[in-house]
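Residue numbers (the working numbering), protein chains in the order written: chain Z, 1 to 90; chain R, 1001 to 1588.
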């Protein structure tokens, strides 16, 4: 299991374009990828589901935790970190 | 409906419009009577086929949106494509099918479950995503029911009457044919409201079911100043409406026409009327409204929403775009002013308990001089050969000004060494927004080329009142005599030392404040672009000589309420100038 904590800097939080990019990235891996909102203490949800990620209500400045488990968990965690830390500048 | 009827709602975008009704047709998406579905696999196939058809439609909408409105407007449809086959949504649908639900109900209940969850979120931007989920859901449901979505084609310019509009509907309709929107549902943050504001057309929302009884082709008057829609107006109502509309548009267009002429008082004194901006787009807008330059360019946007400093070349590029948009007009740039209400790790800005009294603005220069040096360097490189004025925010102590000036001089020297033919008409100024700076103005004036008074902060720091706190915001007014005295002191001292003095707070664009500020001989009014035409008209109708008396009298009053009432009475007493609160007070 790979876990990484990330701060969301995007002005609009994790919705619209950033949410789309986030879930698209999570969807690339065989691993089970989950995410939770640490700031609001919400439970883990499937990071590949845009609808579930939207329900986390992640706003600018919130900290999320991503957990990946599976054969490509290292790569998944690393690439999701790069996406978020690069502020979704894909 | 044969008699005239008046409907009331919430104004969501300002303006007046008259025209014929276009009643937006909805597809009937009523679910069939519940029936038992014995074959979940067949039901699943049916849903799968409907999703595929919906995906194709969304793909086409996405292409249309991209070609008509651009990439960023089209991005929402990427999210729609993702939502329509969302794993969690499909799991819920599969569960419902296994439990024996029919495909229409299984789909619709799952969509509603997610829309309901999103609606409950407190952030209005996120809760608005519920509309996207329902938009996607309805598209699939229409295919499940075998009822294709009704195409609404607006043939001639009309007032659109609808229950509410989905994101795909608002994106796809021909905006040039819409005179106004009136919706029975929706709120001030609905898609319809956001679109109307962006397009600059009037909109009234939450008008109630009754408006859906209006017939296609009915004559309508939309007045979103008071949130009313008049259906089949009487002749008297028509006349009154036309008079109001003509008056508004004539005033606005004559103001705009005159906006390109300088603002000279009746007794021949010229003042500069310039704009407050935050981007290159704002700069172009300012030029179109007759701004004679920019008196405040906020640069925080270059530093926010990032995890490291923007590289120098990109900073230079951003500033160059603004300079280019100004076509040679002078530019006053304010250096970085972010405080501990935001957390910006790479700048060392942490959340603070009292961020407006904390580590921000020029106070950062002692710990992190390199941030300011880098910004100066980018500005100097972008401003080569131009009229560039740089000012620093939040000055409270003389040492801050000395230090900033030193860094600017050093940076300029380095730039000159690197580029032997480098030239710039450079001025260095400071914001006067902390009372201590106004009170030691004679010690600061010799170090600078100009002062710019920031009334929003000056007011909150002088009165110790947070203007964001709704319970005390009404009292946190720059009309308070203490604020007026600090303004007077700043201008007087600045002039004694031969420096020009501007103002870049909202107060400078407040019509009632203009006679007072002219009387104190303020040199430069920096206001929001849209306020410029009106401010110039007011200045032209005043004489500085009269205004000196007005200012002296106002300074002698004890209470903000008295000052405001007095200055407003001056304004409404001016010949040919009526104080109109709906167009007069433009906040930036």
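By construction, the Cβ of each residue, glycine as well, lies at the ideal position given by its N, Cα and C atoms.
Give me the chain R residues within the contact set of residue i, using Cβ-Cβ distance strictly less than 7 Å, ordered along the chain.
i            : result
residue 28/Z : Within chain R, no residue comes near residue 28/Z; the closest Cβ sits about 13 Å away, beyond 7 Å.
Show which residues of chain Z have a CB atom less than 8 Å away from the CB atom of residue i.
i              : result
residue 1140/R : Correct list: empty, because the minimum Cβ distance to chain Z is about 14 Å.
residue 1083/R : 50, 51
residue 1133/R : 51
residue 1347/R : Correct list: empty, because the minimum Cβ distance to chain Z is about 12 Å.
With a threshold of 7 Å, establish whether the CB of residue i neighbours any heavy atom of the ligand MG.
i              : result
residue 1312/R : In the structure shown, the ligand MG is absent, as is every other ligand, since no ligand is present at all.
According to the neighbour-count rule (16 or more other Cβ atoms, all chains shown, within 10 Å of its Cβ), is residue i buried or exposed?
i              : result
residue 1264/R : exposed
residue 49/Z   : buried
residue 1464/R : exposed
residue 1588/R : Annotation note: pLDDT 28 at residue 1588/R (below 50); position unreliable, no value reported.
residue 1006/R : exposed
residue 1003/R : exposed
residue 1523/R : buried
residue 1052/R : exposed
residue 1576/R : Low per-residue confidence applies at residue 1576/R: pLDDT is 41, beneath 50, and the placement is therefore not dependable, though the value from the model is reported in the following sentence. Answer is exposed; the Cβ neighbour count stays below 16.
residue 1017/R : buried
residue 964/R  : Residue 964/R lies beyond the range of chain R shown here (1001 to 1588); nothing can be said about it.
residue 1060/R : exposed
residue 2/Z    : buried
residue 1528/R : buried
residue 1072/R : exposed
residue 1473/R : exposed
residue 1022/R : buried
residue 19/Z   : buried
residue 1402/R : exposed
residue 1153/R : exposed
residue 1469/R : exposed
residue 1461/R : buried
residue 9/Z    : buried
For residue i, I'd like the list of residues in its chain whose CB is within less than 7 Å of its CB, leaving aside the five on either flank, ordered along the chain.
i              : result
residue 46/Z   : 34, 52
residue 1013/R : 1193, 1196, 1197, 1201, 1202, 1203, 1224
residue 1057/R : 1139
residue 1382/R : 1316, 1319, 1320, 1323
residue 1537/R : 1255, 1258
residue 1111/R : 1133, 1134, 1137
residue 1507/R : 1455, 1478, 1513
residue 1036/R : 1100
Identify the continuous beta strand (DSSP E) that holds residue i and give its terminal residues.
i              : result
residue 1298/R : 1294-1298
residue 100/Z  : Any property of residue 100/Z remains undetermined from this structure, which presents chain Z solely from 1 to 90.
residue 1391/R : 1387-1392
residue 2/Z    : 2-7
residue 1272/R : 1270-1277
residue 1182/R : 1178-1183
residue 1524/R : 1524-1527
I'd like the list of long-range same chain contacts for residue i, defined as Cβ closer than 8 Å, with 5 residues on each side in sequence excluded.
i              : result
residue 1049/R : 1143
residue 1553/R : 1566
residue 1558/R : 1481
residue 1291/R : 1273, 1274, 1275, 1329, 1529, 1532
Excluding the 5 residues flanking residue i on each side, which residues of the same chain have their C-beta closer than 6 Å to its C-beta?
i              : result
residue 29/Z   : 72, 76
residue 1326/R : 1283
residue 6/Z    : 64, 84
residue 1583/R : Below a pLDDT of 50, predicted positions are generally treated as unreliable, and residue 1583/R, at 34, falls in that range; no measurement from the model is reported.
Following the continuous alpha helix (DSSP H) through residue i, name the residue where it begins and the one where it ends.
i              : result
residue 1230/R : Premise fails: residue 1230/R lies in the beta strand (DSSP E), 1228-1231, not in any alpha helix (DSSP H).
residue 1280/R : 1280-1288
residue 1500/R : From DSSP, residue 1500/R is part of no alpha helix (DSSP H) but of the beta strand (DSSP E) over 1500-1503.
residue 1365/R : Segment: none, residue 1365/R is in no alpha helix (DSSP H) and carries neither H nor E.
For residue i, return the contacting residues in chain Z, with the cut-off set at a CB-CB distance below 7 Å.
i              : result
residue 1305/R : 9, 10, 11, 87
residue 1121/R : 57
residue 1076/R : 16
residue 1117/R : 55
Mind listing the chain C neighbours of residue i? Cutoff is C-beta to C-beta under 7 Å, in chain order.
i              : result
residue 1088/R : Here chain C cannot be found, since the structure's protein chains are Z and R.
At 9 Å on the CB atoms, spell out the chain R contacts of residue i, in chain order.
i            : result
residue 61/Z : 1342, 1343, 1351
residue 19/Z : 1079, 1082, 1129
residue 68/Z : Neighbours of residue 68/Z on chain R: none; closest Cβ ~16 Å, over 9 Å.
List the residues of chain Z whose Cβ lies closer than 9 Å to the Cβ of residue i, in chain order.
i              : result
residue 1473/R : Under the 9 Å cutoff, chain Z gives no residues; its nearest Cβ is about 24 Å from residue 1473/R.
residue 1114/R : 51, 52, 54, 55
residue 1125/R : 12, 13, 15, 16, 59
Handout entry: Three or more C-beta pairs below 8 Å linking the region 1385-1397 of chain R and the region 1425-1440 of chain R
Key = For the pair of segments examined, the region 1385-1397 of chain R was found to touch the region 1425-1440 of chain R: the number of CB pairs separated by less than 8 Å reaches three.
Handout entry: Contact the region 1031-1039 of chain R vs the region 1244-1259 of chain R: 3+ CB pairs below 8 Å
Key = Fewer than three Cβ pairs drawn from the region 1031-1039 of chain R and the region 1244-1259 of chain R lie within less than 8 Å of each other, which leaves the two stretches out of contact.
Handout entry: Three-pair Cβ contact test at 8 Å for the region 1411-1428 of chain R versus the region 1349-1362 of chain R
Key = In this structure the region 1411-1428 of chain R does not touch the region 1349-1362 of chain R; the number of beta carbon pairs closer than 8 Å is below three.
Problem - Touching by the beta-carbon criterion (3+ pairs, under 8 Å), the region 1394-1412 of chain R and the region 1437-1453 of chain R - result: A contact exists between the region 1394-1412 of chain R and the region 1437-1453 of chain R.
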